[in-house]
Each structure stands twice: as C-alpha cells, then as structure tokens.
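One structure is given below, encoded as structure tokens.
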C-alpha cells in the first residue's frame with residue numbers, strides 16, 4: 002500500500018501541512034526537534050517516497066497531461082480525444098493516454114510515463130473522474146482534473162461540456178413546432194443530463210414523453226442497442242418522433258424501423274446527437290444536435306494548462322465550469338408529423 006503524507010500525519014498526530022514542510026525542509030518554518038525526528042522516522046518505517054509530480058510541478062518541469070480513456074469508447078470520444086491531444090501539444094505539453102477503466106487502476110500510457118509524473122488529468126466519463134480522484138489520493142497529489150463528462154460536481158474538479166440542456170431544448174422545440182405531440186428519448190440508462198432535460202422540457206411544453214433505455218454493455222454498440230428498442234417503441238402506440246442519445250443510436254433506430262417497414266421521416270422522425278462525420282451521408286441524412294468538438298477540445302486544453310501554470314490565488318479565479326454552445330442541424334431524417 003502506497004504511503005502518503007496524510008498517513009504519516011495521522012500516525013504522528015500533526016497536520017499533513019506540517020509533515021510536508023518538515024520533509025521538504027521548507028524555509029521560514031521551524032518545528033521541535035522531537036516532532037521532526039518523529040516525522041522522519043515514521044516516513045522511513047512506513048516506506049514513504051516523495052511525490053515526484055508535486056516536486057516537478059514546483060520546479061515547472063513536468064509537462065505530461067494524462068487523458069483518461071476506456072477501451073469501449075464511441076466514435077465521438079475518438080474524435081474528441083484526437084482534437085484534445087492536438088490542442089495540448091500545441092500548448093507545448095505532452096498528452097499521455099492512461100487507462101483507468103480497470104478496478105485496479107492500471108496504466109497503459111504512451112512513453113511509459115509513471116502516474117505520479119503527470120501534471121494534470123483530463124477524464125471523459127463520470128466513473129473515470131472518480132477513479133482519477135482516487136488515484137490522486139493514493140499518490141497524495143493535488144494536480145488538477147478537468148472532466149469532459151456531465152457528472153455531479155466534485156471538489157477539485159473543473160468541467161467542460163456542451164450545453165446539453167440548450168441542445169435538447171432546441172430539438173424538442175423543433176419537434177413541437179412540427180406538430181409532434183408524443184415523443185420519446187432513446188439511449189443508455191447511465192446517461193442523465195440529456196434524459197432529464199428531455200423529460201422535463203417535454204412536460205413543460207405540453208408533450209407526451211416516454212423513455213426507452215438499454216443497459217450499458219448489454220449490446221456491442223449503440224447501433225445494435227437502438228435496433229433492439231424499435232419493437233417496444235412501435236408497441237407503445239402514438240409516438241411519432243425520437244430524440245436519441247447520439248448519432249450511432251439514431252442510425253440504429255432508423256435501421257430497425259426500416260426492417261419493420263416504417264419510413265423515416267414520412268412516418269417517424271428521428272434526431273441524433275453529436276453530428277459525427279457520417280451523419281450527413283446517412284440514408285436518410287440525419288438531423289442532429291451538433292457538438293462543437295474543436296471548441297470543446299480547445300477550451301479543455303486551455304483550462305487544464307491554466308490550472309497547471311497558475312498559482313493558488315490565480316487558480317481560484319479560473320472558471321469551475323465551461324459550457325460550449327450546440328447547434329441544431331436539420332436534415333431529412335425528421336419532418337412534420339405525418340397525418
């Protein structure tokens with residue numbers, strides 16, 4: 002088990018700040034020789050090793066930024082990570098992919114970079130953010146974390162994401178204006194923001210609203226997951242439009258409807274989310290809510306590097322959360338309600 006400063010402080014009966022100052026022999030502070038001896042002896046007996054990341058950050062020498070990934074990621078994630086690595090590199094830092102998906106928090110990092118040499122971590126999903134926080138506690142590290150997810154607020158974490166609430170509202174307003182009175186949301190059961198906004202805003206707009214969800218991991222991808230929901234949607238009767246978690250889900254839904262002889266958009270409207278490159282070339286071309294991936298990547302990289310380079314007072318002035326605007330892109334997978 003890795004020993005950190007807080008473990009030593011607990012055994013010594015002093016604050017972790019005191020332990021840190023003693024071990025670093027920080028100028029301007031003096032402590033009783035008995036206290037110093039106790040701290041040094043505990044550090045030796047408990048197998049304490051200094052946090053290299055903290056040392057390098059104080060010297061402004063660490064330039065490795067970890068990007069937490071998970072093996073089964075979407076095409077959207079792939080594009081975003083590619084843009085993100087480009088932006089971090091452009092700011093003279095080195096992006097390193099780290100795998101936090103396993104329970105033992107293992108690493109699969111390019112350039113064989115040790116975890117405690119990172120000067121910041123960017124995570125894309127709520128579960129990865131929690132594991133990143135756990136990792137930093139284990140290494141007694143206070144390097145910044147920027148999350149790209151929509152997870153609940155955690156102290157010490159900053160967030161960059163699309164303004165999903167506004168994106169969903171734009172899509173629902175469009176469907177309502179097209180005469181659709183009974184719509185549904187389709188996606189995975191682990192997604193919260195889009196689902197909740199879809200439900201709340203539909204109700205506020207006087208629309209009937211249903212949810213059709215699948216469990217993460219039950220199907221190999223979003224396309225197959227969406228196809229599995231088609232029969233349930235058709236059995237519900239009266240639903241004329243679907244708002245999907247992502248473009249892959251929307252494509253699967255359209256494929257499933259085609260197999261059942263349901264025409265899109267003549268009999269059923271489908272709207273995706275993301276505006277991935279294939280959306281414009283789908284059959285029919287996919288209406289979708291566009292996420293501005295280049296801007297998300299740029300804002301994330303700038304916020305991360307600002308956190309790394311700022312002193313404590315400057316860091317307090319940095320934004321806790323940044324929202325990036327979305328755009329509703331209307332193509333031919335959606336239209337007015339069929340009468």
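Residue numbers (my numbering): 2 to 340.
Glycine included, C-beta positions come from ideal geometry on N, C-alpha and C.
For residue i, the nearest candidate out of the options (CA to CA)
| i | options | result |
| --- | --- | --- |
| residue 297 | 325, 271, 97, 118 | 325 |
| residue 210 | 266, 158, 182 | 182 |
| residue 278 | 336, 123, 78 | 78 |
| residue 158 | 133, 175, 177 | 133 |
| residue 275 | 75, 22, 320, 16 | 75 |
| residue 94 | 305, 205, 335 | 305 |
| residue 71 | 20, 126, 32 | 126 |
| residue 36 | 50, 17, 204, 49 | 17 |
| residue 244 | 258, 205, 195 | 195 |
| residue 1 | 67, 5, 24 | Because the chain is modelled from 2 through 340, residue 1 falls outside the range shown and cannot be assessed. |
| residue 92 | 337, 313, 318, 307 | 307 |
Within 8 Å, strictly: CB atoms of residue i and residue j
| i | j | result |
| --- | --- | --- |
| residue 285 | residue 241 | no |
| residue 1 | residue 65 | The structure shown has nothing for residue 1, since the chain only spans 2 to 340. |
| residue 302 | residue 101 | no |
| residue 268 | residue 339 | yes |
| residue 173 | residue 148 | no |
| residue 272 | residue 256 | no |
Reduced DSSP secondary structure (H/G/I, E/B, other) of residue i
| i | result |
| --- | --- |
| residue 268 | coil |
| residue 263 | coil |
| residue 126 | coil |
| residue 96 | strand |
| residue 71 | coil |
| residue 282 | helix |
| residue 332 | coil |
| residue 210 | strand |
| residue 288 | strand |
| residue 4 | coil |
| residue 20 | helix |
| residue 275 | strand |
| residue 163 | strand |
| residue 243 | strand |
| residue 187 | strand |
| residue 149 | coil |
Same chain, Cβ closer than 8 Å to residue i, five either side skipped, listed in chain order
| i | result |
| --- | --- |
| residue 327 | 163, 164, 165, 167, 168, 171, 290, 291, 292, 293 |
| residue 282 | none |
Nearest-angstrom beta carbon gap, residue j and residue i [assumed within contact, 8 Å]
| i | j | result |
| --- | --- | --- |
| residue 261 | residue 235 | 6 Å |
| residue 223 | residue 247 | 6 Å |
| residue 161 | residue 315 | Their Cβ separation, rounded to whole angstroms, is 18 Å, which puts residue 161 and residue 315 out of contact at 8 Å. |
| residue 187 | residue 230 | 6 Å |
Cβ-based neighbour list, residue i, same chain, cut-off 7 Å, excluding 5 preceding and 5 following
| i | result |
| --- | --- |
| residue 107 | At residue 107, the pLDDT of 46 sits below 50, so the modelled position is not reliable and the matter cannot be decided from this model. |
| residue 42 | none |
Closer than 8 Å to chain E by CB, residue i
| i | result |
| --- | --- |
| residue 49 | The structure shown contains no chain E, having only a single protein chain. |
Other residues of its chain near residue i: CB distance less than 6 Å, five sequence neighbours each side excluded
| i | result |
| --- | --- |
| residue 124 | 69, 130, 133, 148 |
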